[in-house]
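In what follows, a single structure is set out as structure tokens and then discussed.
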Amino acid sequence: MLDTNEVLSFFRDSLGQFSDRSAKWLLSNPENLRGLLEIIGSDLASSLDFSKVQRVNTTFIADNLREQESDLVFLLPFRDTNETEVLIYILIEHQSTVDPVMGFRLLFYMCQVWDQQRQKWVSENVPKSEWRFRPIIPVVFYTGQPKWQTPLSLEALMDVPQALLRFIPRFETLFLGVKSEPDANLVRTDSPFGWLMTVFKREDVPETSMFISVLERLGKHLGNLSESDRGSWEQAIYYLYLLVFYRRSVEERGILEQIVSEHHKALELSAQEVELMQSMAEHYLEQGIEQGIQQGARQMSIENTLATLNARFPRTDVNALKPSLEAIEDLNRLKQLNLIASIAKTFNAFREHLDA
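Using the numbering used here, read the sequence shown as starting at 59 and increasing by one per residue.
Below you can see the structure in the form of structure tokens.
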């Protein structure tokens, strides 16, 4: 059973942090980590001992990028004769646009992971002859809408003759683009995580009927669970409640409540837990109303900035900046950029302030 105090403390943060914090919460569960690896790295999943996974409490993301991405690092044994320890580095990418330099960023973060090991050995006076860097499995967990077609490699960022290709560092990356991954791949192993992703990938669909059909399909699946699988669904149901109440309509919330009501005994959820889920969801709903007011102010600031830039620099592609502006949660930062739009000497000067 989940520690409800942990759940409550985890979700006390502001609504704007829901996507990032909830993704970390899900993936910090070894069963969900296994579910992710079974989807994108089935050949590796069976060789990793998820019962002994440890989360490494560190981050390598710069402060100014944490609105768009975050990371998780895990340490666990690889099932071989030597019980080799492996690191899984997960980059959670929330940006609404595809980053063409992702291959470089991953290598940069991996080198920081290894450098952290090196610093530890130096501080402990470990002889260099005993240094053994741990292998890293890099994972990109991408939640954006546009389909990711950019290669995750350094080669894609270089124009080099064939004779020089052998000097470019190469590594493979496991990738999940949740919004574009076929449902059949997500539910292939019947893990709660995969089924949850079939709902999450449709968090923004405008058609209520489409979202309800996904919930109803999930409800049918819950009705066919074996007894041994029921306990592993508890965290998924908590998350699902919050996702639906946060992102969807009142009608869809009613469908979810009906599903949980029908299956809460089979899922081994107590009446108190169901009540807690509803209370948490209502808390997020209230925050959503408050945030709606703030979102209106943000949108107005963004539109004013774009209008100012269009008036001052009519020959530039001002609308190309809209995704970057919309990714900024801080209203004060948007107001500052609004002022800069009116005084910047050139369009490129404004872009430099935006990218700073």
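We put the beta carbon where it would ideally sit given N, CA and C, even for glycine.
Alpha carbon to alpha carbon, what distance is there between ALA221 and ASP78?
Taking the first residue of the sequence shown as position 1, residue 78 is located at position 20. Taking the first residue of the sequence shown as position 1, residue 221 is located at position 163. Answer to the nearest angstrom: the Cα atoms are 43 Å apart.
Do you know how far the Cα of LEU145 is from the Cα of GLU188?
One-based indexing of the sequence shown puts residue 188 at position 130. One-based indexing of the sequence shown puts residue 145 at position 87. Near 19 Å, if we compare the C-alpha coordinates of LEU145 and GLU188.
Is GLY235 helix, strand or coil by DSSP?
Residue numbering aside, residue 235 sits at position 177 when the sequence shown is read from its first letter. Here GLY235 sits in strand by DSSP.
My parser needs the alpha helix (DSSP H) runs of 4 or more residues fully inside the stretch 244-291; what are they?
Whole alpha helix (DSSP H) segments, 4+ residues: 250-258, 266-281 and 285-288.
Would you call the stretch 194-204 and the stretch 149-156 in contact, with 3 or more CB pairs under 8 Å?
Touching, per the Cβ criterion.
Quick check: what's the CA-CA separation for GLN293 versus LEU84?
By 1-based counting over the sequence shown, the position of residue 293 is 235. By 1-based counting over the sequence shown, the position of residue 84 is 26. Using only the alpha carbons, I get a separation of about 8 Å.
Nearest-angstrom Cα distance between ASN406 and LEU412?
Locating residue 406 in the sequence shown gives position 348, counting from the first residue. Locating residue 412 in the sequence shown gives position 354, counting from the first residue. Straight-line Cα distance between these residues: approximately 10 Å.
Go to PRO196, then tell me how far its beta strand (DSSP E) extends in each direction, as first and last residue.
Locating residue 196 in the sequence shown gives position 138, where the first residue counts as 1. Where PRO196 is concerned, the enclosing beta strand (DSSP E) stretches over 194-200.
Grab the span of the alpha helix (DSSP H) containing SER180 for me, first residue to last.
By 1-based counting over the sequence shown, the position of residue 180 is 122. Looking at the sequence itself, residue 180 is Val, so the reference to Ser does not match. Start and end: 160-181.
Report the start-end ranges of each beta strand (DSSP E) in the stretch 127-155 that is 3 residues or longer and not cut off at the edges.
Runs of the beta strand (DSSP E) inside the stretch 127-155: 127-135 and 143-151.
Determine whether the beta carbon atoms of ASP107 and THR117 lie at a separation below 7 Å.
For this step, residue 107 is matched to residue 49 along the sequence shown. For this step, residue 117 is matched to residue 59 along the sequence shown. No, the pair does not count as a contact, with Cβ atoms beyond the cut-off.
Quick one: is PRO240 buried, meaning 16 or more other Cβ sit within 10 Å of its Cβ, or exposed?
To locate residue 240, count along the sequence shown from 1; it is residue 182. It counts as exposed.
Look at THR155 and PRO381 and say whether their C-beta atoms are less than 7 Å apart.
Taking the sequence shown and counting its residues from 1, the one referred to as residue 155 is at position 97. Taking the sequence shown and counting its residues from 1, the one referred to as residue 381 is at position 323. The answer is yes: Cβ separation under 7 Å.
According to DSSP, LEU106 sits in a beta bridge with which residue or residues?
In the sequence shown, residue 106 corresponds to position 48, counting from 1. Partner(s): PHE136.
Beta carbon of GLY252, beta carbon of ILE401: below 7 Å?
For this step, residue 252 is matched to residue 194 along the sequence shown. For this step, residue 401 is matched to residue 343 along the sequence shown. Taking 7 Å as the Cβ cut-off, GLY252 and ILE401 do not qualify as a contacting pair.
What is the DSSP secondary structure of ARG113, reduced to helix, strand or coil?
By one-based count along the sequence shown, residue 113 stands at place 55. Strand at ARG113.
Can you have a look at SER319 and say buried or exposed, based on whether 16 or more other CB atoms are within 10 angstroms of its CB?
If you number the sequence shown from 1, residue 319 lands on position 261. So SER319 ends up on the exposed side.
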